[in-house]
Amino acid sequence: MMTLDQFEEASEKVKEVILQTNLMYSEYFSQQTGNKVYLKPENMQYTGAYKVRGAYYKISKMTEEERARGLITASAGNHAQGVAYAAKIYGVPATIVMPTTTPLIKVNRTKGYGAEVVLYGNVYDEACQYALKLADEKGLTFVHPFNDEVVATGQGTIAMEIFKELPTVDIILVPIGGGGLAAGVSTLAKLLNPNIRVIGVEPAGASCMKASLEKGEVVTLPDVDTIADGTAVKTPGDIVFPYIQKNIDEIIAVEDHELIVNFLDMIENHKMLVENSGLLTVAALKHLDCRDKKVVSILSGGNMDIITLSSVVQHGLIQRGRVFTVSVLLPDRPGELVKVSGIIAELKGNIIRLEHNQFVSINRNAMVELRITMEAFGQEHKEEILGALAKKGYAPKEKGTTGLYD
18 MMTLDQFEEA SEKVKEVILQ TNLMYSEYFS QQTGNKVYLK PENMQYTGAY
68 KVRGAYYKIS KMTEEERARG LITASAGNHA QGVAYAAKIY GVPATIVMPT
118 TTPLIKVNRT KGYGAEVVLY GNVYDEACQY ALKLADEKGL TFVHPFNDEV
168 VATGQGTIAM EIFKELPTVD IILVPIGGGG LAAGVSTLAK LLNPNIRVIG
218 VEPAGASCMK ASLEKGEVVT LPDVDTIADG TAVKTPGDIV FPYIQKNIDE
268 IIAVEDHELI VNFLDMIENH KMLVENSGLL TVAALKHLDC RDKKVVSILS
318 GGNMDIITLS SVVQHGLIQR GRVFTVSVLL PDRPGELVKV SGIIAELKGN
368 IIRLEHNQFV SINRNAMVEL RITMEAFGQE HKEEILGALA KKGYAPKEKG
418 TTGLYD
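Be aware that the sequence shown starts at 18, since it is given in the numbering used here, and climbs by one per residue.
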């Protein structure tokens with residue numbers, strides 16, 4: 018059982034490795050939601066995520082013999098870095114099995130802490146099975162990323178810090194992948210205040226915990242499909258599941274497109290890089306059915322590779338109407354392109370790409386296609402530009418499912 022004494026011990030122990038992540042009041046998200054929103058920025062930890070808490074506490078509780086055998090774990094990235102960093106401090110070797118889809122930044126940082134990295138499988142669950150196989154073959158000590166009460170106790174120290182800073186907190190939003198963080202945070206939160214609401218947040222494409230709670234037992238999803246790679250888990254932990262059943266009041270499932278726009282919000286309003294899994298609790302703010310409550314969103318991590326970052330930014334701009342592509346048909350004669358660009362320029366639109374297709378029709382004199390990619394200030398500005406083009410006889414047709422390309 019996870020007890021208050023154990024949480025207090027863990028809170029003192031993890032101070033040896035964690036950075037202080039004080040709550041940040043968010044004026045922007047408070048105005049957006051009607052609640053008093055605070056962010057717990059675990060993305061600012063030395064390893065870029067909260068996972069170092071559970072990993073370090075778990076290794077500290079091992080015997081010398083367990084550590085001497087060498088450690089092994091499976092992880093989509095953040096737990097990998099936590100174990101690698103903690104193992105480095107204790108001077109023990111660590112092997113990390115990571116899915117082949119793990120972002121490069123997480124792989125390289127894990128190697129940077131001195132761990133051996135093995136890439137295997139497409140999702141966490143496949144990597145975990147292989148890690149358990151290696152542990153059995155080589156006699157290594159396995160450190161589970163979430164299905165372990167000691168690890169979950171280490172993660173739960175986040176709740177202790179929240180209560181010390183904000184004793185009157187009403188709601189804590191916590192991301193859920195396998196359930197270790199949620200089990201630890203919710204258990205300690207209920208010990209400190211039985212009336213607090215602790216809400217778990219999962220990606221809709223990997224909502225294994227919600228499915229398990231609905232059935233009353235741990236279930237395995239047939240597959241997962243989400244950009245929140247840190248919480249892309251098919252099967253939640255059976256050891257931590259009873260704690261979730263007892264202490265989590267509700268689970269919110271968030272769609273990927275909600276994470277994308279919240280990524281932009283976080284960058285623009287708080288100047289912070291938060292990975293997709295870490296944004297789950299921010300996206301969940303608009304799903305709350307309450308107002309004037311003190312809400313803490315736990316930002317679980319900030320490890321994101323540049324390619325993923327650039328893709329999320331681009332799609333976020335598209336969703337906000339700040340980048341879009343339209344196609345217009347016009348006669349193939351001198352001056353038509355100038356007229357179209359003049360309409361856009363007059364309304365302060367910024368053209369970033371032009372494609373001129375003279376072969377859309379057999380009769381070039383009747384029509385050619387002009388495909389324009391441009392920047393706008395937002396959805397209203399975008400509609401204003403489209404309306405002006407239509408009014409001048411250049412009926413625009415927005416292109417592609419993403420707003421950029423077919």
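Where a beta carbon is used, it is the ideal one built from N, C-alpha and C, also for glycine.
Residue i, enclosing beta strand (DSSP E) - first and last residue
i: residue 57; result: 53-58
i: residue 113; result: 111-115
i: residue 90; result: 88-91
Residue i: first and last residue of the uninterrupted alpha helix (DSSP H) it sits in
i: residue 197; result: 197-209
i: residue 363; result: 353-363
i: residue 83; result: 81-85
i: residue 50; result: 44-50
i: residue 97; result: 95-107
i: residue 22; result: 21-31
i: residue 174; result: 166-182
i: residue 35; result: No alpha helix (DSSP H) holds residue 35; DSSP gives it neither H nor E.
i: residue 323; result: 323-336
i: residue 226; result: 225-232
i: residue 251; result: Residue 251 -> no alpha helix (DSSP H), and no H or E assigned at all.
i: residue 259; result: 258-264
Nearest-angstrom beta carbon gap, residue j and residue i [assumed within contact, 8 Å]
i: residue 149; j: residue 86; result: The Cβ separation is near 15 Å, so there is no contact.
i: residue 329; j: residue 277; result: 6 Å
i: residue 54; j: residue 302; result: 6 Å
i: residue 223; j: residue 248; result: 6 Å
i: residue 88; j: residue 109; result: 6 Å
i: residue 174; j: residue 28; result: 5 Å
i: residue 131; j: residue 195; result: That belief does not hold up - the Cβ atoms of residue 131 and residue 195 are roughly 25 Å apart, past 8 Å.
i: residue 393; j: residue 366; result: 6 Å
i: residue 321; j: residue 113; result: Their Cβ separation, rounded to whole angstroms, is 18 Å, which puts residue 321 and residue 113 out of contact at 8 Å.
i: residue 193; j: residue 219; result: 5 Å
Paired residues, beta bridge with residue i - DSSP
i: residue 270; result: 219
i: residue 341; result: 391
i: residue 192; result: 218
i: residue 373; result: 387
i: residue 367; result: 392
i: residue 41; result: 56
i: residue 414; result: 344
i: residue 66; result: 318
Suppose only complete runs of 3+ residues qualify. What are the beta strand (DSSP E) ranges in the stretch 292-318, listed by chain order?
311-316
Segment contact, 8 Å Cβ cut-off, at least three pairs: the stretch 172-180 with the stretch 134-149
no
Any alpha helix (DSSP H) of 4 or more consecutive residues that is wholly inside the stretch 130-162:
141-155
Do the stretch 304-315 and the stretch 340-355 make contact, defined as three or more Cβ pairs closer than 8 Å?
no
For the 8 Å Cβ check, are there 3 or more pairs between the stretch 267-284 and the stretch 150-170?
no
Any contact of the stretch 362-376 with the stretch 318-337, i.e. 3+ C-beta pairs under 8 Å?
no
Decide yes or no for the touch test of the stretch 99-108 against the stretch 65-78: beta carbon pairs closer than 8 Å, at least 3 of them.
yes
Does the pairing of the stretch 206-215 with the stretch 55-64 give three or more beta-carbon distances under 8 Å?
no
Contact between the stretch 185-202 and the stretch 259-266 (3+ Cβ pairs under 8 Å):
yes
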